[in-house]
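Novice: Mind looking over this structure? Questions follow.
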Amino acid sequence: MRVVALVHYYVPRYMAGSEVMLHAMLRAVADAGHEVEVVVTEHQRGPDEYTHEGVRVQCAGRRGVVDLLDGLAPDVLVSHHQEAPHAAHYARTRKGARPKTALIFHNTFPGAVSVCRRWRPDLAVFNTAWVRDHYARRRAVMPGTRTLVVHPPVDAAAHRTKPGKLVTLVNLNRDKGAEVLYALAGRMPDVEFMGVVGGHGEQIVRDLPNVAIQPHTADPRRDIWARTRILIMPSVYESYGMVAVEAAASGIPTIAAPTPGLREALGDAGTWMRRNDLAGWEQEIRRLLEPSEWRLASKRARERSAELDPREELAAWVRAVESL
3 MRVVALVHYY VPRYMAGSEV MLHAMLRAVA DAGHEVEVVV TEHQRGPDEY
53 THEGVRVQCA GRRGVVDLLD GLAPDVLVSH HQEAPHAAHY ARTRKGARPK
103 TALIFHNTFP GAVSVCRRWR PDLAVFNTAW VRDHYARRRA VMPGTRTLVV
153 HPPVDAAAHR TKPGKLVTLV NLNRDKGAEV LYALAGRMPD VEFMGVVGGH
203 GEQIVRDLPN VAIQPHTADP RRDIWARTRI LIMPSVYESY GMVAVEAAAS
253 GIPTIAAPTP GLREALGDAG TWMRRNDLAG WEQEIRRLLE PSEWRLASKR
303 ARERSAELDP REELAAWVRA VESL
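Shown next, in the form of structure tokens:
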């Protein structure tokens, strides 16, 4: 079976959560013995073709998307975000044998709900149970459409390391909490922080004496988790919270805004704080910097990491794709 993904970005050039999740899912399909190819539409740097961890990636250029897909002749076409309707349209209008479609939905934004309702994929995959339930309440999943929940897979062994000393925010855009990071750094000049440049959104980078700026990285174990003591996630919206689960592999506790996705990701291992309560964030950071409190929170994080072993859900995903 040949599985082709049509996407706008792909790893390792863009290491945002959606891309990392999709790559783990495609690797599971490849490990099951199937051919896997990726067609990328918006890469703006690097070679037009490369292989990453056994997955061949081709950037649409002079040949164009349709010609690339025709040449690859997919049995199953996988997509997400803005390429999802293009993938569904291609599958529906292709002459000859038409591929089945597996579309992945990472959020509850109205545009994504509309895509699911209009294009009726053969398999609709949701990154959390709460997102699936949101689509069901809005009747975006039509009768006969197969659905599956696959939480963003995190290979704990690939992230596990000895934690560092910094209080870290990953992705310096406004909605992820960049302004909160800088406000806390100003309130707490005795505490060392780190801001990690993210893979999407306008990044807010400022020069503060107690804030280290880490460029966008394809090696989070070395560049992020080995330097981090506490992760903060004062997000406006998180459909899941993959970085919190990655941090938990090393026993790094997370203080987070109580979005439905973060609650599903962290369960009892999270420390919850309203986004704009700066005094509360400061209080919880200082509490978790105490060795005894950190050890207790670290133990809960490691336990949560073990609970979120992705192998069963990845196996279910592979079976669902094969059944198409």
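Note that our numbering has the sequence shown beginning at 3, numbered continuously upward. We put the CB at the ideal spot given by N, CA and C, even for glycine. Fair warning: this is a prediction, and the values are worked out from it, not measured in the lab.
Just to check my reading of the structure: Val115 and Ala142 have Cβ atoms closer than 8 Å, yes? What is that Cβ distance to the nearest angstrom?
Specialist: What you label residue 115 is simply residue 113 of the sequence shown in a count that begins at 1. What you label residue 142 is simply residue 140 of the sequence shown in a count that begins at 1. That belief holds up - the Cβ atoms of Val115 and Ala142 are roughly 5 Å apart, short of 8 Å.
Novice: Could you spell out the range, first to last residue, of the alpha helix (DSSP H) harbouring His82?
Specialist: Translated into the one-based positions of the sequence shown, residue 82 becomes position 80. His82 -> not in any alpha helix (DSSP H); beta strand (DSSP E) instead, spanning 78-82.
Novice: Please tell me whether Glu248 and Trp274 are closer than 9 Å, where the distance is taken between their beta carbons.
Specialist: If you number the sequence shown from 1, residue 248 lands on position 246. If you number the sequence shown from 1, residue 274 lands on position 272. Result no, Cβ atoms of Glu248 and Trp274 do not sit closer than 9 Å.
Novice: Could you please give the first and the last residue of the uninterrupted beta strand (DSSP E) stretch that includes Ala214?
Specialist: Residue numbering aside, residue 214 sits at position 212 when the sequence shown is read from its first letter. 213-216 is the extent of the beta strand (DSSP E) around Ala214.
Novice: What is the residue span of the alpha helix (DSSP H) that Gly197 lies within?
Specialist: Indexing the sequence shown from 1 puts residue 197 at position 195. Taken as a continuous stretch (DSSP letters only), Gly197 belongs to no alpha helix (DSSP H), being part of the beta strand (DSSP E) at 195-198.
Novice: Whole angstroms are fine: how far does the CA of Arg277 sit from the CA of Glu266?
Specialist: Counting from 1 along the sequence shown, the entry for residue 266 is found at position 264. Counting from 1 along the sequence shown, the entry for residue 277 is found at position 275. Distance between the alpha carbons of Glu266 and Arg277 is about 18 Å.
Novice: Does the separation of the CB atoms of Arg15 and His45 fall below 9 Å?
Specialist: Counted from its first residue, the sequence shown places residue 15 at position 13. Counted from its first residue, the sequence shown places residue 45 at position 43. Yes.
Novice: What are the start and end residues of the beta strand (DSSP E) that includes Met235?
Specialist: For this step, residue 235 is matched to residue 233 along the sequence shown. Taken as a continuous stretch (DSSP letters only), the beta strand (DSSP E) holding Met235 covers 230-235.
Novice: For Pro262, which option in Ile287, Gly282, Val238, Tyr92 has the closest C-alpha, if you only look at C-alpha atoms?
Specialist: By one-based count along the sequence shown, residue 262 stands at place 260. Per the Cα distances, Val238.
Novice: Tell me the start and end of each unbroken beta strand (DSSP E) in the segment 18-60 that is at least 3 residues and wholly inside, in chain order.
Specialist: Within the segment 18-60, the complete beta strand (DSSP E) runs of at least 3 residues are 37-42, 51-54.
Novice: So who's on the other strand from Gly103, going by DSSP bridges?
Specialist: As a position in the sequence shown, residue 103 is number 101, starting the count at 1. In the sequence as displayed, the identity of residue 103 is Thr instead of Gly. Thr103 is bridged to Leu79.
Novice: By DSSP, does Ile287 sit in helix, in strand, or in coil?
Specialist: The residue you call residue 287 lines up with position 285 of the sequence shown. Looking at Ile287 - three-state DSSP - the assignment turns out to be helix.
Novice: Hey, out of Lys164, Ile215, Gly166, whose CA is closest to Ala187's CA?
Specialist: Counting from 1 along the sequence shown, the entry for residue 187 is found at position 185. Answer by Cα proximity: Ile215.
Novice: Starting from Thr95, trace the alpha helix (DSSP H) both ways and give me its first and last residue.
Specialist: The count along the sequence shown starts at 1 and reaches residue 95 at position 93. That run of the alpha helix (DSSP H) goes 86-95.
Novice: Who pairs with Trp274 in a beta bridge, going by DSSP?
Specialist: Along the sequence shown, read from residue 1 onward, the residue named residue 274 stands at position 272. Paired residues: Ala258.
Novice: Within its chain, find whatever has a CB closer than 6 Å to the CB of Thr219; leave out the 5 residues flanking it on each side and keep chain order.
Specialist: Within the sequence shown, residue 219 is the residue found at index 217, counting from 1. The residues are Asp225.
Novice: Just reading off the alpha helix (DSSP H) that Arg148 is part of, what are its end residues?
Specialist: Mapped onto the sequence shown, residue 148 falls at position 146. Counting along the chain, Arg148 falls outside any alpha helix (DSSP H), though it belongs to the beta strand (DSSP E) covering 148-151.
Novice: Between Ser81, Glu295, Ser252, Asp279, which has its C-alpha nearest Thr163's C-alpha?
Specialist: Against the sequence shown, residue 163 aligns to sequence position 161. Among Ser81, Glu295, Ser252, Asp279, the Cα nearest to that of Thr163 belongs to Ser252.
Novice: With a floor of 3 residues, list each beta strand (DSSP E) that falls wholly inside the segment 113-168, ordered by position along the chain.
Specialist: With a minimum length of 3 residues, the continuous beta strand (DSSP E) runs that stay inside the segment 113-168 are 125-128, 148-151.
Novice: Please name the residue in Leu280, Glu305, Val13 whose C-alpha comes closest to that of Val22.
Specialist: Working through the sequence shown from its first residue, we reach residue 22 at position 20. With distances taken between Cα atoms, Val22 lies closest to Val13.
Novice: Our contact map puts Leu8 next to Leu79 with C-beta atoms below 8 Å; I'd like the distance itself, whole angstroms only.
Specialist: For the purposes of this step, residue 8 is taken as residue 6 along the sequence shown, with counting starting at 1. For the purposes of this step, residue 79 is taken as residue 77 along the sequence shown, with counting starting at 1. The pair is a contact, with the Cβ atoms about 6 Å apart (cut-off 8 Å).
Novice: On a CA-only basis, which of Met235, Asp157, Arg208, Val193 is nearest Arg288? Give me that one, please.
Specialist: Within the sequence shown, numbered from 1, the residue matching residue 288 stands at position 286. Of the candidates Met235, Asp157, Arg208, Val193, the one whose C-alpha sits nearest the C-alpha of Arg288 is Val193.
Novice: For Gly73 and Glu292, I'd like the C-alpha separation in whole angstroms.
Specialist: In the sequence shown, the residue the question calls residue 73 occupies position 71. In the sequence shown, the residue the question calls residue 292 occupies position 290. Each residue's alpha carbon lies about 59 Å from the other.
Novice: Can you tell me whether Arg47 is buried or exposed, with buried defined as 16 or more other CB within 10 angstroms of its CB?
Specialist: Within the sequence shown, the letter at position 45 stands for residue 47. The residue is exposed, with fewer than 16 neighbouring Cβ atoms inside 10 Å.
Novice: Taking the straight line between their C-alpha atoms, what separation do you get for Pro101 and Ala34?
Specialist: Position 99 of the sequence shown, counted from the first residue, corresponds to residue 101. Position 32 of the sequence shown, counted from the first residue, corresponds to residue 34. In a straight line, the C-alpha of Pro101 is about 19 Å away from that of Ala34.
Novice: Sort Val152, Met144, Gln285 by Cα distance to Arg189 and report the nearest one.
Specialist: In the sequence shown, residue 189 corresponds to position 187, counting from 1. Closest by alpha carbon: Gln285.
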